[in-house]
Amino acid sequence: MRLRALLDTDALGLRLLGGEDELDRTVRGVMTTDLKDPSRYLSGGELVLTGLAWRHDAADSEPFVRILAAAGVAALAAGEAELGDVPEDLVLACVRHRLPLFAVHESVAFATITEHVVRQVSGERAGDLAAVVDRHRRMMTSGPAGGGPDVVLDLLGTDLDLRAWVLSPTGRPIAGSKLAGAALPTDVSAKLAAEHLAAARTGRRGPHRVLVGTTTYSLFPIRSSGRSAAASRDVRETVLSDWLLAVEADAGDWPAERLDLLQGVTQLIAVERDRRDAARTVRRRLAQEVLELVQTGAAPAEIAARLRVAAPVLLPGLGAAPHWQVVVARVEWDGGEVEGGPVAQSLLEEILVDPLTSGPEHSDRIAVAHTGEEAIALVPLPAVSAEHDGSESGILADALLEAVRDPLSAGLNDDGRLTLGVSAAVHSAEGLRGALEEARHARRVAAARPGRICAAGHQELASHVLLLPFVPDDVRRAFTARLLDPLRDYDRRHRAELIPTLEAFLDCDGSWTRCATRLHLHVNTLRYRVGRIEQLTGRDLSRLEDKLDFFLALRMS
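Take any residue in the sequence shown, note its place counting from 1, add 934, and you have its number in my numbering.
Here it is, written out as structure tokens:
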């Protein structure tokens, strides 16, 4: 479509401020941004919508417009909702670079313009898929009558014979076309998500082509169309929450029209993503209210009242939740420029969903708040999951990150870190404060461990495991060297296997018979080795104190 057609559409509320001679330019897409430098997301021909949050003073206009002109955008449309009239310095900059400039009336939402442009461009560029935009409204409605992203993906299958899936940043399937049939294998979807996150961290433009086995996939980022995401100045703020569209095809040789169409499809899915994110607002508010009550030491009766309000929202049809668990997460980036709380909140909402489930509705039972750099999840456990007072049920820290470790490692890259702690289940409001502190302490235990992604559970807080991570490195090295270096040196010279013998002896609680059986040794040979250990270290393995020292040294080494 041409810019002139946009100006002639009264419902869009556009007012031309400059560039009348350029109104025959063709619009190939639309993008909302408030980044100072959005060039990485531009491919040319876009109508760029901005709320002007990037502009702090008059000097900011010239470089912004110069970047847009160099990227070959069709025009710029500036909203009047924030600053009122469009600044004169922006008007003059657009005149200098021959970039058409529109003012968007404050009563017109950017989403209205986006929807109109996507409908028109998709219809003109790909008549065979006009049904995609005609059914945009259906996609945005929930329930059986709508179908959400599946509607669009089905049309990609029927009209272009494309198998496609929408995946979360951890590789969890959100939607898939009927042509695609069964969901992608878990290992494939995890690899695609990891490749997508790695490409996003390097700033490469999509689509990204990935070969898995003998199959080529093209990955299209699905970025939020909301203003909060548009105002993001750092890819790390959204990389761990953006969805992706995976198409089983090589887009490298596609014509521009088909690429435009797929970009339009991602914009439609992004609108649906934003709608579902908005639906989380109630659950987030409930979690925030409960968290504030718990942290301020409110009376248990008051907390219980808020839980009774939260339970029907999080467990519809099941009444009050008999048990609750608390999960605390923290995402930290090197340099500290990026706020970690909102990132951890979005990420926690994703990873608390069973990775083997599909669709977004499963996250409707998770309420996550964030305070400072921390995200805190209040997870209700239905009666079936809480039969044993939470001792062996509910969320287990060890298993929580297993299925999503590879994709998240790619997204965190070399400058991000995720640590997570899980409390035991509690069955009353009185227990929530203790559960919160327990989850926070477990997270600190996880943070003391090496690695980019670490989790710890409440089970570890009643063990020596709680203490070991907090031993200073120099003390740890000195302690283990004093006890174990003589044995290691002897093993290197004589291949005597004293260290494995010591480990087995302690694992067998000092039982000569069981240890000899495990090592396939005669008891006399075992006695000789243990005697050599005692001779080299000056310790006595019949004494509890010396056994304990050896046990801790092995654990810390």
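Backbone N, C-alpha and C fix where the C-beta goes; we use that ideal spot for every residue, glycine too. Note that the coordinates shown come from a computational prediction; the quantities given were computed from them, not determined experimentally.
Runs of beta strand (DSSP E) lying entirely within the stretch 1130-1155, each at least 3 residues, in chain order: 1142-1146
Do Val-1360 and Gln-1259 count as a contact pair if the criterion is CB distance below 9 Å? The residue given as residue 1259 occupies position 325 in the sequence shown. The residue given as residue 1360 occupies position 426 in the sequence shown. Result yes, Cβ atoms of Gln-1259 and Val-1360 sit closer than 9 Å.
Ala-1389 beta carbon less than 9 Å from that of Ala-1311: Here residue 1311 refers to the residue found at position 377 of the sequence shown. Here residue 1389 refers to the residue found at position 455 of the sequence shown. No, these two residues do not count as a Cβ contact at 9 Å.
Are Ala-1117 and Pro-1107 close, meaning C-beta to C-beta below 9 Å?
In the sequence shown, the residue the question calls residue 1117 occupies position 183. In the sequence shown, the residue the question calls residue 1107 occupies position 173. Yes.
| field | Every unbroken beta strand (DSSP E) within the stretch 1332-1383, with a cutoff of 3 residues, ordered by chain | value | 1350-1356
Quick one: complete alpha helix (DSSP H) runs, 4+ long, within the stretch 1410-1476? 1432-1441, 1446-1453 and 1457-1471
**Asked** Can the beta-carbon of Thr-984 be found closer than 9 Å to that of Thr-966?
**Response** To locate residue 984, count along the sequence shown from 1; it is residue 50. To locate residue 966, count along the sequence shown from 1; it is residue 32. In this structure, Thr-966 lies closer than 9 Å to Thr-984 by Cβ.
ask   = Which two residues bound the contiguous beta strand (DSSP E) that contains Met-965?
value = Along the sequence shown, read from residue 1 onward, the residue named residue 965 stands at position 31. From DSSP, the beta strand (DSSP E) with Met-965 extends over 963-966.
### Query
By how many angstroms is the C-alpha of Pro-1083 removed from the C-alpha of Arg-1209?
Residue mapping note: residue 1209 aligns to position 275 of the sequence shown, counting from 1. Residue mapping note: residue 1083 aligns to position 149 of the sequence shown, counting from 1. Taking the straight line joining both Cα atoms gives about 12 Å.
Label His-1454 either buried or exposed according to how many other C-beta atoms from any shown protein chain fall within 10 Å of its C-beta, with 16 as the threshold for buried. Position 520 of the sequence shown, counting from 1, holds the residue named residue 1454. Classification of His-1454: exposed, given that the 10 Å Cβ count is below 16.
Exercise for the section: Could you have a look at Pro-1246 and say whether DSSP puts it in helix, strand or coil? Expected result: Working through the sequence shown from its first residue, we reach residue 1246 at position 312. Looking at Pro-1246 - three-state DSSP - the assignment turns out to be helix.
Who are the Cβ neighbours of Arg-938 in its own chain at under 8 Å, not counting the five residues just before and after it?
-> In the sequence shown, the residue the question calls residue 938 occupies position 4. Leu-957 and Asp-958.
Checklist entry - If we count Cβ pairs, one from each stretch, closer than 8 Å, do we get three or more for the stretch 1150-1157 versus the stretch 1363-1383? => result no
Simplified DSSP state of Val-1262, which is helix, strand or coil:
The residue labelled residue 1262 in the question sits at position 328 within the sequence shown. Strand.
message: Suppose you measure from the CA of Ala-1487 to the CA of Asp-1176; what does that come to, to the nearest Å?
response: Residue mapping note: residue 1487 aligns to position 553 of the sequence shown, counting from 1. Residue mapping note: residue 1176 aligns to position 242 of the sequence shown, counting from 1. Between Ala-1487 and Asp-1176, the C-alpha separation is close to 44 Å.
- CA nearest to the CA of Arg-1000, picked from Lys-970, Pro-1246, Val-1020 and Ala-1015: Within the sequence shown, numbered from 1, the residue matching residue 1000 stands at position 66. When each option's Cα is compared against that of Arg-1000, the closest is Lys-970.
inquiry  = Can you check which of these residues, Gly-1391, Val-1247 and Thr-1353, is closest to Ala-1369 by C-alpha distance?
reply    = Looking up residue 1369 in the sequence shown gives position 435. Taking only the C-alpha atoms, the option nearest Ala-1369 is Gly-1391.
What is the rounded straight-line gap between the Cα of Gln-1469 and the Cα of Val-1379?
Taking the sequence shown and counting its residues from 1, the one referred to as residue 1469 is at position 535. Taking the sequence shown and counting its residues from 1, the one referred to as residue 1379 is at position 445. The alpha-carbon atoms of Gln-1469 and Val-1379 are separated by roughly 36 Å.
With DSSP as the reference, identify every bridge partner of His-1257, one or two as the case may be.
Translated into the one-based positions of the sequence shown, residue 1257 becomes position 323. For His-1257, which the question treats as bridged, DSSP gives the partners Leu-1315.
**Continuous alpha helix (DSSP H) stretch holding Leu-1017: start and end** = Stepping through the sequence shown from its first residue, residue 1017 is reached at position 83. Taken as a continuous stretch (DSSP letters only), Leu-1017 belongs to no alpha helix (DSSP H), as it is neither H nor E.
Helix, strand or coil at Pro-1107 according to DSSP, with G and I counted as helix: As a working mapping, residue 1107 is identified with position 173 in the sequence shown. Pro-1107 falls in the strand class under three-state DSSP.
Output needed for Trp-988: all residues of its chain with C-beta closer than 7 Å, excluding positions within five of it in sequence on either side, in chain order.
Position 54 of the sequence shown holds residue 988. Around Trp-988: Asp-968, Leu-969, Lys-970, Asp-994 and Phe-998.
Review point. Three or more beta-carbon pairs under 8 Å between the stretch 1457-1464 and the stretch 1435-1446, yes or no?
Key: yes
- Query: My guess is that Phe-1036 and Arg-949 are in contact by the Cβ rule of under 8 Å, so how many angstroms apart are they, rounded?
  - Reply: Here residue 1036 refers to the residue found at position 102 of the sequence shown. Here residue 949 refers to the residue found at position 15 of the sequence shown. The pair is a contact, with the Cβ atoms about 6 Å apart (cut-off 8 Å).
*Contacts around Pro-1021, its chain only, beta-carbon distance under 6 Å, and the 5 residues preceding and following it disregarded*: Taking the sequence shown and counting its residues from 1, the one referred to as residue 1021 is at position 87. Closer than 6 Å at Cβ, skipping near neighbours: no residue.
* **Inter-residue Cα distance where the pair is Glu-980 and Pro-1246** => As a first step, residue 980 must be located in the sequence shown, where it is residue number 46. As a first step, residue 1246 must be located in the sequence shown, where it is residue number 312. Computed Cα separation, rounded: 45 Å.
If distances are taken between C-alpha atoms only, which option among His-1031, Leu-986, Asp-1023 and Ala-1005 comes closest to Ala-1011? If you number the sequence shown from 1, residue 1011 lands on position 77. Here the closest residue by C-alpha is Leu-986.
ask   = Which residues share a DSSP beta bridge with Arg-1240?
value = For the purposes of this step, residue 1240 is taken as residue 306 along the sequence shown, with counting starting at 1. In DSSP, Arg-1240 forms no bridge with anything.
| Proximity below 9 Å, CB of Val-1029 to CB of Gly-947 | By 1-based counting over the sequence shown, the position of residue 1029 is 95. By 1-based counting over the sequence shown, the position of residue 947 is 13. Going by C-beta atoms, Val-1029 is not nearer than 9 Å to Gly-947.
Next on the checklist: Which of the three DSSP states is assigned to Arg-1218 in this structure?
Outcome noted: Numbered from its first residue, the sequence shown carries residue 1218 at position 284. If DSSP states are grouped into helix, strand and coil, Arg-1218 belongs with the helices.
From Arg-1331 to Arg-1240, what distance separates their C-alpha atoms? Along the sequence shown, one-based indexing puts residue 1331 at 397. Along the sequence shown, one-based indexing puts residue 1240 at 306. A small correction: the amino acid at residue 1331 is Ala; Arg does not occupy that position in the sequence shown. About 27 Å.
Which residue wins for smallest C-alpha separation from Phe-1439, given the options Arg-1429, Leu-1145 and Arg-1452?
The sequence position of residue 1439 within the sequence shown is 505, counting from 1. Of Arg-1429, Leu-1145 and Arg-1452, the residue nearest in Cα terms is Arg-1452.
Check your understanding: Any idea what DSSP makes of Gly-1091, helix, strand or coil?
Key -> The residue given as residue 1091 occupies position 157 in the sequence shown. In the structure shown, Gly-1091 sits in a helix (DSSP, three-state: H, G or I).
**Prompt:** Taking the alpha helix (DSSP H) that Arg-1000 falls in, what are its first and last residues?
**Reply:** Taking the first residue of the sequence shown as position 1, residue 1000 is located at position 66. Taken as a continuous stretch (DSSP letters only), the alpha helix (DSSP H) holding Arg-1000 covers 995-1005.
Subject >> Residues that Ile-1387 bridges to, as DSSP identifies them >> reply: For the purposes of this step, residue 1387 is identified with residue 453 of the sequence shown, where counting begins at 1. BP columns for Ile-1387 point to Leu-1352.
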